[in-house]
Amino acid sequence: MSEPEQIARDLNESPQPERVRLGAELGHPCPDCGGKMVLRDSVHGLFYGCRAFPRCKATHGAHKATGQPLGTPADTPTKRARQAAHVLFDQLWKGKALRGRHRGHPEMKRGEAYAWMAEAMGLTKDEAHIGLFNAEQCEQLRELLREHFPGLTESLPVT
Ligand SMILES: [Zn+2]
């Protein structure tokens, strides 16, 4: 049995993690303002959002079915690395707005772009989310993107 198969089997056999109720607090403070992060629901599914929203827009991923937190909130260097990775990566599938300026890169649907990322980085679909990456993985993704899609622009949005 390969390692991914073993991991998948272990996951299937582990007891179902407890469902988190809406409004429950994340075990970490908001990485931006130090406030409390609570579980919320949205059209995109469950996520942890800062209680100071809309003043603070920090979010943290939650498992879609159970609301269990995904990964750990990022410190500033990790957040910057994730932003920088998103700037490049999102151009793969937000091609419409960028078309013309970035001729030559293939147009992908969002799902195709994420499938490409998973394959290029050797991750499962569930792992292939920039929000789960550490700074090193973000840099790895940026290098892969530069290598495969030389037409992407590097400039960061002003924050
Ligand atoms: Zn906050």
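Numbering (the numbering used here), first residue to last: 3 to 161.
Where is the CB? At the ideal position from N, CA and C, for every residue including glycine.
Since the model is a prediction, treat every value here as computed from it, not as a measurement.
Classification of residue i by the beta-carbon crowding that lies within 10 angstroms, buried from 16 upward
{"i": "ARG84", "result": "buried"}
{"i": "PRO56", "result": "exposed"}
Cβ neighbours of residue i in the same chain (closer than 7 angstroms, five flanking residues each side left out)
{"i": "GLY47", "result": "LYS66"}
{"i": "LEU72", "result": "GLY63, ALA64, HIS65 and LEU134"}
Beta-carbon gap between residue i and residue j smaller than 8 angstroms
{"i": "ALA137", "j": "THR80", "result": "yes"}
{"i": "LEU24", "j": "ARG42", "result": "yes"}
{"i": "LEU147", "j": "LEU154", "result": "yes"}
{"i": "PHE151", "j": "ALA87", "result": "no"}
{"i": "ASP77", "j": "PRO33", "result": "yes"}
{"i": "LEU94", "j": "ALA115", "result": "yes"}
{"i": "CYS58", "j": "GLY37", "result": "yes"}
Supposed contact pair residue j and residue i - C-beta distance, whole angstroms, cut 8 angstroms
{"i": "GLY63", "j": "GLY133", "result": "5 angstroms"}
{"i": "ALA120", "j": "THR126", "result": "6 angstroms"}
{"i": "VAL22", "j": "GLY69", "result": "3 angstroms"}
Residues near residue i by beta carbon distance below 6 angstroms, same chain, minus five either side
{"i": "THR61", "result": "PHE49 and GLY51"}
{"i": "ALA2", "result": "There is simply no residue 2 to check, as the chain begins at 3 and stops at 161 in what is shown."}
{"i": "HIS104", "result": "Note on HIS104: pLDDT 49, under 50, position unreliable in the model; the coordinate value appears next. Excluding positions up to five away in sequence, the list reads GLY153."}
{"i": "ALA122", "result": "LEU146"}
{"i": "MET110", "result": "LEU94 and TRP95"}
Neighbourhood of residue i by C-beta, 8 angstroms cutoff - its chain only, sequence neighbours within 5 removed
{"i": "GLY102", "result": "Note that GLY102 scores 46 on pLDDT, short of 50, meaning its location in the model is unreliable and no value can be drawn from it."}
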